[in-house]
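There are 4 protein chains.
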Amino acid sequence: MEGQHGHGTHYERDKDGILERLRKVEGQVRGIQRMVEEDRYCVDILTQVAAVRAALDKVGLMLLEGHTRGCVVRAIRENHGDAAIQELMDVVQKFIK
Amino acid sequence: MEGQHGHGTHYERDKDGILERLRKVEGQVRGIQRMVEEDRYCVDILTQVAAVRAALDKVGLMLLEGHTRGCVVRAIRENHGDAAIQELMDVVQKFIK
Amino acid sequence: MEGQHGHGTHYERDKDGILERLRKVEGQVRGIQRMVEEDRYCVDILTQVAAVRAALDKVGLMLLEGHTRGCVVRAIRENHGDAAIQELMDVVQKFIK
Amino acid sequence: MEGQHGHGTHYERDKDGILERLRKVEGQVRGIQRMVEEDRYCVDILTQVAAVRAALDKVGLMLLEGHTRGCVVRAIRENHGDAAIQELMDVVQKFIK
Numbered sequence: 364m365e366g367q368h369g370h371g372t373h374y375e376r377d378k379d380g381i382l383e384r385l386r387k388v389e390g391q392v393r394g395i396q397r398m399v400e401e402d403r404y405c406v407d408i409l410t411q412v413a414a415v416r417a418a419l420d421k422v423g424l425m426l427l428e429g430h431t432r433g434c435v436v437r438a439i440r441e442n443h444g445d446a447a448i449q450e451l452m453d454v455v456q457k458f459i460k
Numbered sequence: 364m365e366g367q368h369g370h371g372t373h374y375e376r377d378k379d380g381i382l383e384r385l386r387k388v389e390g391q392v393r394g395i396q397r398m399v400e401e402d403r404y405c406v407d408i409l410t411q412v413a414a415v416r417a418a419l420d421k422v423g424l425m426l427l428e429g430h431t432r433g434c435v436v437r438a439i440r441e442n443h444g445d446a447a448i449q450e451l452m453d454v455v456q457k458f459i460k
Numbered sequence: 364m365e366g367q368h369g370h371g372t373h374y375e376r377d378k379d380g381i382l383e384r385l386r387k388v389e390g391q392v393r394g395i396q397r398m399v400e401e402d403r404y405c406v407d408i409l410t411q412v413a414a415v416r417a418a419l420d421k422v423g424l425m426l427l428e429g430h431t432r433g434c435v436v437r438a439i440r441e442n443h444g445d446a447a448i449q450e451l452m453d454v455v456q457k458f459i460k
Numbered sequence: 364m365e366g367q368h369g370h371g372t373h374y375e376r377d378k379d380g381i382l383e384r385l386r387k388v389e390g391q392v393r394g395i396q397r398m399v400e401e402d403r404y405c406v407d408i409l410t411q412v413a414a415v416r417a418a419l420d421k422v423g424l425m426l427l428e429g430h431t432r433g434c435v436v437r438a439i440r441e442n443h444g445d446a447a448i449q450e451l452m453d454v455v456q457k458f459i460k
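Protein chains in written order, with the working numbering: chain A, 364 to 460; chain B, 364 to 460; chain C, 364 to 460; chain D, 364 to 460.
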């Protein structure tokens with residue numbers, strides 16, 4: 364049972380993993396800047412951009428899972444799941460588009 | 364500095380714009396790290412992640428356009444466009460997936 | 364006919380809407396075939412393909428919402444939400460990629 | 364050298380392959396309708412929707428490649444490549460979003 368903590372956080376379990384991935388993404392973005400500054404071959408740069416995008420998607424999925432397991436489950440148990448699910452779907456839609 | 368080498372670069376026109384966008388993306392990624400550290404609401408974090416993803420897609424499109432107008436056009440004019448187009452399609456595919 | 368089985372279905376509310384959209388998608392796919400047969404301009408065909416893709420994403424989101432409001436909520440209430448959420452995340456991932 | 368035929372088609376080489384894939388997509392969409400009518404498990408339906416989406420992306424890429432190898436190359440050779448590339452980028456963007 365959760366619900367015991369006041370609000371808790373929704374991604375506690377993965378917080379370190381998420382931060383580590385975000386720091387890696389930050390480093391990759393700086394790496395892309397360097398590639399652009401050094402006039403590296405565009406296709407290599409584009410490949411890196413696609414890699415960062417995939418890394419961000421992975422972070423997004425981790426956050427989504429933490430949010431669902433935390434906030435959404437709690438909301439459902441406390442009988443106000445409708446709004447939580449609506450919000451969840453809205454944010455999923457932002458990622459699918 | 365570009366311009367120096369004969370073949371030019373393929374995204375010259377937009378190089379500054381691309382670098383500026385990449386620096387903004389870097390700042391956004393750091394902002395997301397802060398949001399995670401401060402246990403901000405996951406949906407707000409996810410919204411930011413989706414925004415960074417969209418910003419990266421825009422950078423990707425700018426690079427793609429520069430590459431097409433530069434390298435691909437040159438390759439076609441020099442009659443070795445086939446390989447250049449194959450490579451272009453491969454990189455587009457990475458973005459569509 | 365649904366309604367007959369005890370557990371109901373998870374997208375009851377939207378079943379007609381979903382079927383209607385799928386029939387429209389089917390018609391659009393046939394329309395694209397015709398465009399290809401008639402050698403219509405590729406960019407017009409590609410625009411139609413992108414439209415069908417967006418229509419399918421909408422159907423996917425409707426199914427996802429119905430599934431979450433139905434099966435996932437039920438699983439959480441019956442204390443076996445973990446597997447349901449894992450499965451939900453796996454299917455969301457298929458759409459994000 | 365192409366350019367010899369009046370307008371030609373831009374995806375001639377793959378026309379049959381594209382039509383075959385589109386007919387398969389049409390059949391898959393009908394299959395999804397049946398799954399919905401029979402109240403099949405949503406996750407199975409969603410998996411099929413994601414498969415159709417991937418099949419459409421493949422068709423889109425084939426059309427894109429045919430268009431680039433045909434119309435875009437021709438436009439570049441005839442020195443009006445700028446508009447053709449702009450149009451190409453616009454349609455790529457529709458797929459990336």
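Virtual Cβ for every residue (Gly too), placed ideally from N, Cα, C.
Treat the numbers as computed from the prediction; the structure is a model and nothing was measured.
Annotation for V435 (chain A): A447, L451 place their beta carbon closer than 6 Å to its own, counting only its chain and skipping 5 residues before and after. Non-local beta-carbon contacts of L419 (chain D) in its own chain, meaning distances under 7 Å to residues more than five positions away in sequence, involve V388 in chain order. Look at the beta carbons and you see the region 406-420 of chain D not touching the region 391-410 of chain B: under three pairs across the two are nearer than 8 Å. D379 (chain D) and H430 (chain C) have their alpha carbons spaced roughly 38 Å apart. The CB of A413 (chain A) comes closer than 8 Å to the CB of G423, V454, K457, F458 in chain B, given here in chain order. Neighbours of G444 (chain C) in chain A, taken as residues at a C-beta separation under 7 Å, are given in chain order as V436. Against chain A, a Cβ distance below 9 Å from E450 (chain B) picks out V406.
Cβ-Cβ separation between V454 (chain A) and V392 (chain B): approximately 18 Å, too far for a contact (criterion under 8 Å). Scanning the region 373-444 of chain A from its first residue to its last, the whole alpha helix (DSSP H) runs of 4-plus residues come out as 378-400, 405-430, 436-440. Nearest C-alpha to Y404 (chain D) among C:L427, C:R440, C:A417: C:L427.
Using a Cβ-Cβ cut-off of 7 Å, I395 (chain C) does not count as an interface residue toward chain A, since no Cβ of chain A sits closer than that to its own. In this structure, DSSP gives K460 (chain D) a state outside helix and strand, which the three-state scheme calls coil.
For R416 (chain D), no CB of chain B lies under 7 Å from its own CB, so it is not counted at the interface with that chain. Between the C-alpha atoms of G390 (chain B) and L382 (chain B) there is a straight-line separation of about 12 Å. Leaving aside the five residues that flank A438 (chain D) on each side, the residues in its chain whose CB is nearer than 6 Å to its CB run, in chain order, G444, A447. Of C:Q456, C:D402, C:R384, the smallest CA-CA separation from L424 (chain A) is found for C:Q456. K460 (chain A) is positioned such that its CB atom lies closer than 7 Å to that of K460 (chain D). At a beta-carbon threshold of 8 Å, the residues of chain C lying near L427 (chain A) are M452, V455, ordered along the chain. By the neighbour-count criterion, in which a residue is buried when 16 or more other Cβ atoms sit within 10 angstroms of its Cβ, R386 (chain A) is exposed. Residues of chain B with a Cβ closer than 8 Å to the Cβ of T431 (chain D) are, in chain order, I448, L451, M452. Only residues of its own chain outside the window of five on either side were considered, and among them M425, G429 have a CB closer than 6 Å to the CB of D377 (chain D), listed in chain order.
Here R432 (chain A) is buried: its Cβ has 16 or more other Cβ atoms, across all protein chains shown, within 10 Å. If you draw a 10 Å sphere on the C-beta of R416 (chain C), you find 16 or more other C-beta atoms in it, and that means buried.
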